[in-house]
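Visitor: Please read through the structure below; I'll follow up with questions.
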């Protein structure tokens, strides 16, 4: 199915490219080979991550690896576009940019092809290609930006709650004597943002009016008055999902696990499922978020 | 606030998603294969039909570099059949969307498998099913009629039929309200369209959440009872196991 | 976030009839009798947050009863419930209480009354269907339509807004599409 001709310049380009990869990939020979399927499947996953984040009432786990790959690809694409744009629309061989990129990737663009005559059709095509690449790039950038902005909005809305969760997770890690893992739910930038945001806000409240209150009424996380000051996002909110798996999907396991108290607890994993649901592939249901959260995180259900 | 929209996609975002759906084009000019962030496109070799994402198809169409082949459901005969289905055969629910294809499992970069979903499941190419409305039917038809009405046969009649279909489905959506409940057992909306969902989501979830709040205390009492029953059943099962063990020895 | 939610705060400030079970000195100001005592058996309308606090407090003696017992507020008393059972769409909920359903939900937490609960749920659903119809077919600013809309409580107003905004956003998108060409 993959009818890409293996060109010696492609192979050379791959070998000479600096390896950004953190080394956690299993198949090292595949690292950043940008094979057709990977870009497409990553694009699907990014689209799904965006849709899910836009539709879920809670913050979803941050897809670290996916974002790393996407950002790397975006960077590469930006360089490529700059190369094409700056070298002018004539194309042609003499325009060497000194990168491995031009050689390897120019293959498909009539760019490094020495037989393509420069001229009106060459110019038009190069402009067309440029505008296609740029449109494609800005579409991906839109997805990434909207995704990150949606996450920031959720973090800001329930900052006290997410900060408490973050601190609890880190405390657990250090209690067990383990090096703090890569934070699963937040990106490093988001963790930093969360801390800074709450700290600045507390300072503002304090200096504006809180410090003038009686000492016992200065807290922002007091739960003693019946209504807690720090509330989680509404996990019972209605969401729309579509079942993606074959056969019958059920959240029985999630409901039971939560009762026996094992693993479905309230801290890191959020509120447990309470209503048992069953669905077949293709069905669309309006249900409560907490009853399908696990299903969505496992990719068995898609948020609409 | 960074982003003050309520949960759920806006109409513009639904359209953005729809632009990723594959459609069939007939190229009028050659174009090399392109490595896009959204995946690699096939080379365009006139007059071979090729599938491309809608946004790219429209871009090419606007520059007269290609013609778009309307999906089989965007024909007068197909829409008439669909309207018939919506009115006579599916009176309370939406007509069936195209059946999910069997080839939906893919693997990602790390080798983990995932299930493909809209808009990455072909339903608007020339090989789509003619008598089922796909998930993105509304925005797809709007965008095609807008950019490529000359590629569509009898576009005015098509527009009229689409309006009729929409009216029928809208009435069904409103009737759904009576079936909603706040108990979390769920409501089915099989066959609903993406734009239709964006349109009605705010109202639907508002009703469900409102009902849920009124019923909250009763539901809590019911949950407590159910949990107790489940606990009791578990103890009884354990007792039975013990008895069996005793009998065996 | 109901701690900071203005609607929740307003709901809790709605009044409930509270019957004092004990003589309580010093609270006379609640009935306009500053410095005086409130005698057992007195019934005063107090804000819900205060009434609940008093209802869960008991007197100083070991087996003394709770300080007050609570009753249904006017908007949820039998007269209104009967009207809702007859035809939910003709009742002016807003005049009863601007946060009618929020009040109802709170009261259902305090009192276990299935009949009232079922009426509330049915009322909500029927009026919601009417709201959907009105948003789709506005009967104009005059006549029945306007009267019904004036009688919507806060929750219903949000619903009406949602029922209206959705189609509006879709229309806006459809129209913008034509402009781009």
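Chains as they are written, first to last, in our numbering: chain A, 6 to 309; chain B, 44 to 292; chain C, 235 to 415.
The beta-carbon is built from N, C-alpha and C at its ideal position, and this holds for glycine as well.
#1: With 7 Å as the limit, tell me which residues of the stretch 207-240 of chain A have their beta carbon closer than that to any beta carbon of chain C; keep them in chain order.
#2: From the DSSP output, in three-state form, read off residue 167 of chain A for me.
#3: Consider the Cβ of residue 245 of chain B: report whether some Cβ of chain A lies at a distance smaller than 8 Å.
#4: Count the other C-beta atoms from every protein chain shown that fall within 10 angstroms of the C-beta of residue 96 of chain A, then say buried if there are 16 or more, exposed otherwise.
#5: Got a sec, what are the start and stop residues for the alpha helix (DSSP H) residue 359 of chain C sits in?
#6: Run through DSSP, which three-state label would residue 161 of chain A get?
#7: Going by C-alpha distance, which of A:48, A:290 and A:294 is nearest residue 73 of chain A?
#8: I need the straight-line Cα distance from residue 154 of chain A to residue 188 of chain B, nearest angstrom please.
#9: At a Cβ cut of 8 Å, what residues of the stretch 284-296 of chain A count as close to chain B, listed as they run along the chain?
#10: Is DSSP giving residue 86 of chain B helix, strand or coil here?
#11: Looking only at its chain, what residues have a beta carbon closer than 7 Å to the beta carbon of residue 237 of chain C, apart from the 5 residues adjacent to it on each side?
#12: Just curious, the alpha helix (DSSP H) that residue 213 of chain C is in, first and last residue?
#13: Identify the contact partners of residue 358 of chain C in chain B, using a Cβ-Cβ distance below 8 Å as the criterion.
#14: Counting contacts by CB-CB distance shorter than 8 Å, is residue 263 of chain C in contact with chain A?
#15: CB residue 304 of chain C to CB residue 386 of chain C, shorter than 8 Å?
#16: Using only the alpha-carbon positions, how far apart do residue 401 of chain C and residue 54 of chain B sit?
#17: State yes or no: is the C-beta of residue 285 of chain A nearer than 7 Å to some heavy atom of the ligand SAM?
#18: Quick one, are the C-beta atoms of residue 58 of chain A and residue 152 of chain A less than 8 Å apart?
#19: Count the other CB atoms, across all protein chains shown, that sit within 10 Å of the CB of residue 218 of chain A; report buried if there are 16 or more and exposed otherwise.
#20: In the DSSP assignment, find the unbroken alpha helix (DSSP H) run with residue 335 of chain C in it and report its ends.
#21: Residue 58 of chain B touches chain C at which residues, Cβ-Cβ below 7 Å?
#22: Could you give the distance in angstroms between the alpha-carbon of residue 102 of chain A and the alpha-carbon of residue 83 of chain B?
#23: Mind pulling the chain B residues with CB within less than 9 Å of residue 246 of chain C?
#24: With contact counted as at least three CB pairs below 8 Å, one residue from each stretch, are the stretch 166-179 of chain A and the stretch 110-120 of chain B in contact?
#25: Report yes or no: do three or more beta-carbon pairs, one from the stretch 228-236 of chain B and one from the stretch 210-226 of chain A, lie closer than 8 Å?
#26: Going along the chain, which residues of the stretch 386-398 of chain C sit with their C-beta nearer than 7 Å to a C-beta in chain B?
#27: Less than 8 Å between the beta carbons of residue 189 of chain A and residue 277 of chain A, yes or no?
#28: By Cβ distance below 8 Å, which residues in the same chain neighbour residue 199 of chain A in space, the five residues on each side in sequence not counted?
#29: Can you tell me where the alpha helix (DSSP H) holding residue 210 of chain A begins and where it ends?
#30: Measuring only between beta-carbons, confirm whether residue 44 of chain A sits less than 8 Å from chain B.
#31: Against chain A, with Cβ distances strictly below 8 Å, would residue 237 of chain C count as a contact?
#32: I want to verify the contact list: residues of chain C whose CB lies under 8 Å from the CB of residue 217 of chain B, in sequence order.
#33: Would you verify that the beta carbon of residue 149 of chain B is, or is not, closer than 8 Å to some beta carbon of chain A?
#34: With three or more C-beta pairs closer than 8 Å as the rule, is the stretch 332-350 of chain C touching the stretch 162-179 of chain B?
#35: Between the stretch 238-254 of chain C and the stretch 277-285 of chain C, can you find at least three pairs of beta-carbon atoms closer than 8 Å?
#36: Please report the straight-line C-alpha distance between residue 239 of chain A and residue 319 of chain C, rounded to a whole angstrom.
Guide: Per the coordinate set shown:
#1: Answer set for the stretch 207-240 of chain A: 232, 233, 234 and 236.
#2: DSSP places residue 167 of chain A in helix when its eight states are reduced to three.
#3: False, the Cβ-Cβ gap to chain A never drops below 8 Å.
#4: In this predicted model, residue 96 of chain A has a pLDDT of only 46, less than 50, meaning its place in the structure is not dependable; the value taken from the coordinates is given anyway. Residue 96 of chain A is buried by the Cβ-count criterion.
#5: Counting along the chain, the alpha helix (DSSP H) containing residue 359 of chain C begins and ends at 348-370.
#6: Of the three classes helix, strand and coil, the one that applies to residue 161 of chain A here is helix, per DSSP.
#7: Taking only the C-alpha atoms, the option nearest residue 73 of chain A is A:48.
#8: For residue 154 of chain A and residue 188 of chain B, the distance between alpha carbons rounds to 33 Å.
#9: Closer than 8 Å at the C-beta level to chain B, one finds these residues of the stretch 284-296 of chain A: 286, 287, 288, 289, 290, 291, 292, 293 and 296.
#10: Coil.
#11: If the five residues before and after residue 237 of chain C are omitted, its C-beta is found closer than 7 Å to no C-beta atom of its own chain.
#12: What the structure shows of chain C is the stretch from 235 to 415, and residue 213 of chain C is not part of that stretch, so it cannot be assessed.
#13: Correct list: 250, 253, 254 and 257.
#14: Among the residues facing chain A, residue 263 of chain C is not included, as its CB has no counterpart in that chain under 8 Å away.
#15: Not in contact: residue 304 of chain C and residue 386 of chain C (Cβ atoms no closer than 8 Å).
#16: C-alpha separation (whole angstroms): 9 Å.
#17: Here there are no bound small molecules, and the ligand SAM is not part of this structure.
#18: In this structure, residue 152 of chain A lies closer than 8 Å to residue 58 of chain A by Cβ.
#19: So residue 218 of chain A counts as exposed.
#20: Per DSSP, residue 335 of chain C is one residue of the alpha helix (DSSP H) stretching across 334-344.
#21: For residue 58 of chain B, the residues of chain C that pass the 7 Å Cβ criterion are 407, in the order they occur in the chain.
#22: Unreliable placement is indicated for residue 102 of chain A, whose pLDDT of 41 sits below 50; no coordinate value is reported for it.
#23: Ordered by position in chain B, no residue passes the 9 Å Cβ test against residue 246 of chain C, which lies about 14 Å from the chain.
#24: No contact exists between the stretch 166-179 of chain A and the stretch 110-120 of chain B.
#25: Contact annotation: the stretch 228-236 of chain B does not touch the stretch 210-226 of chain A, with fewer than three C-beta pairs closer than 8 Å.
#26: Correct list: 389, 392, 393, 396 and 397.
#27: One thing to note: residue 189 of chain A has its Cβ no nearer than 8 Å to the Cβ of residue 277 of chain A.
#28: Hits under 8 Å: 160, 164, 167, 168, 171 and 191.
#29: 193-213 is the extent of the alpha helix (DSSP H) around residue 210 of chain A.
#30: Cβ-Cβ to chain B under 8 Å: yes for residue 44 of chain A.
#31: Answer yes: the Cβ-Cβ gap between residue 237 of chain C and chain A drops below 8 Å somewhere.
#32: Per Cβ cutoff of 8 Å: 363, 366, 367 and 370.
#33: Yes, residue 149 of chain B counts as interfacial toward chain A.
#34: Put simply, the stretch 162-179 of chain B does not touch the stretch 332-350 of chain C. Fewer than three CB pairs are less than 8 Å apart.
#35: Short answer: they touch.
#36: The alpha-carbon of residue 239 of chain A is positioned some 31 Å away from that of residue 319 of chain C.
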